[in-house]
Amino acid sequence: MTDLGDATSAGAAQACVVLVPLGSVEQHGPHLPLSTDSHIAREVCHRVAEQLVEQGVSATVAPCLEYGSSGEHEGFAGTISIGGDALRHVLVELVRSARRWADRIVLVSGHGGNVGALLEAVRLLRFEAPTVAWTTCAEQDFDAHAGHAETSMMLAIEPESVQLERAAVGNTTPAAELWPRMKSSGIEAVSPNGVLGDPRNATAMDGERMLGALAARIADQIQDGAVAEGGSFLRASTAVR
């Protein structure tokens with residue numbers, strides 16, 4: 001069983017790990033769909049669940065939480081953000097409900113803007129009971145938004161939704177340097193086309209490699225169980241349990 005939405009109540013009761021994909025509805029440049037983050041988070045969660053099941057751990061994937069905290073993208077049509085406060089509240093109530101029957105809940109975000117709400121929600125939830133942790137669908141060598149990484153992964157997942165002929169380079173400055181201005185003025189202030197990175201050479205082969213690496217990393221982290229104080233999975237030896 002890998003899809004909670006298709007399970008019966010009796011089937012759900014057998015799951016040891018519930019993966020919850022967190023996405024967004026926000027602009028992803030002129031070439032990717034608004035649902036990009038949701039597609040990626042959902043695909044990664046299914047791959048993680050399949051790996052866990054192969055390793056003897058019963059796992060299921062909950063329906064994706066499609067709306068996120070995307071205020072920095074609201075200068076672009078199509079973006080719908082519920083904001084950090086609402087997202088934090090939803091995550092707290094979602095996990096409190098799910099852990100009535102699930103042993104462990106793992107929140108997997110495809111959108112970086114959800115991290116603030118995740119940190120606050122999971123700190124509170126782990127204070128109540130250490131049954132929840134979170135991670136993201138990002139790696140240090142990925143560009144930040146609608147660039148090579150996300151475009152490649154979408155070519156592997158939903159190639160028909162990618163308009164690669166419209167792909168254009170955006171701002172390639174590291175996102176950490178851009179974030180203060182994006183937070184105050186939105187992504188449009190630093191990238192008129194909404195892209196942070198360069199999607200022009202994206203390939204499905206690269207996307208498949210990235211998805212495989214993400215799934216393997218998250219499955220390993222779930223098995224290891226080591227987390228930071230804020231509840232995010234860590235690979236470092238400084239993690240707490």
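Every letter in the sequence shown is one number past the one before it in UniProt numbering, and letter 61, counting from 1, is 61. In this text, a Cβ means the ideal position worked out from N, Cα and C, and glycines have one as well.
8 Å contact criterion, which residue i and residue j should meet: CB distance rounded
i	j	result
A117	V18	Wrong, their Cβ atoms sit about 19 Å apart, outside the cutoff.
A216	Q51	7 Å
I105	V61	About 12 Å separates the two Cβ atoms, so there is no contact after all.
S150	L32	Strictly speaking, residue 150 in this sequence is Glu, with Ser absent from that position. Between L32 and E150 the Cβ distance is about 7 Å, and since that is below 8 Å, they are a contact.
T135	I80	Contact flag wrong, Cβ pair sits at about 24 Å.
L178	N171	7 Å
Cut-off 6 Å between Cβ atoms - residues of its own chain near residue i, not counting five sequence neighbours on either side
i	result
residue 253	Since the first residue of the chain shown is 1 and the last is 241, residue 253 is not available in this structure.
L91	A121
Q221	F233
A75	First, the amino acid is wrong: residue 75 is Gly here, not Ala. The residues are G186, E188.
V169	D198
Q14	S58
E158	H39
G207	S152, M153, L155, A156
F142	A149
R166	P30, H31
Beta bridge counterpart(s) of residue i as assigned by DSSP
i	result
I80	V25
L234	L234 is not bridged to any residue.
D3	V61
P30	H28
S109	L22, T136
V95	Answer is none; V95 lacks a bridge partner.
G68	S81
L196	H145
V122	BP columns for V122 are empty, so no partner.
P104	Pro is not the amino acid found at residue 104; the sequence shown has Arg there. Partner(s): V17.
Cβ pair residue i, residue j closer than 8 Å
i	j	result
A156	G197	no
H73	E26	yes
G194	G5	no
M154	H39	yes
L94	G230	no
C45	V108	yes
G68	N114	yes
H111	S35	no
T203	S161	no
R181	V190	yes
R100	A129	no
R96	L211	no
Proximity test, residue i beta-carbon vs the ligand MG heavy atom, cut-off 7 Å
i	result
E66	The model depicted lacks the ligand MG and carries no ligand whatsoever.
Other residues of its chain near residue i: CB distance less than 7 Å, five sequence neighbours each side excluded
i	result
L124	V92
A175	A144, L196
V57	C16, V17
A49	T2, L19, A59, T60, V61
S237	Per-residue confidence for S237 stands at a pLDDT of 42, beneath the threshold of 50, marking its modelled position as unreliable; the derived number appears in the next sentence. There are no such residues.
L87	G68, S69, N114, A117
Other residues of its chain near residue i: CB distance less than 8 Å, five sequence neighbours each side excluded
i	result
E66	G23, S24, V25, S35, S38
Give, in chain order, every unbroken run of the alpha helix (DSSP H) that is at least 4 residues long and sits entirely within the region 128-160.
-> DSSP runs (the alpha helix (DSSP H)) wholly in the region 128-160: 148-157.
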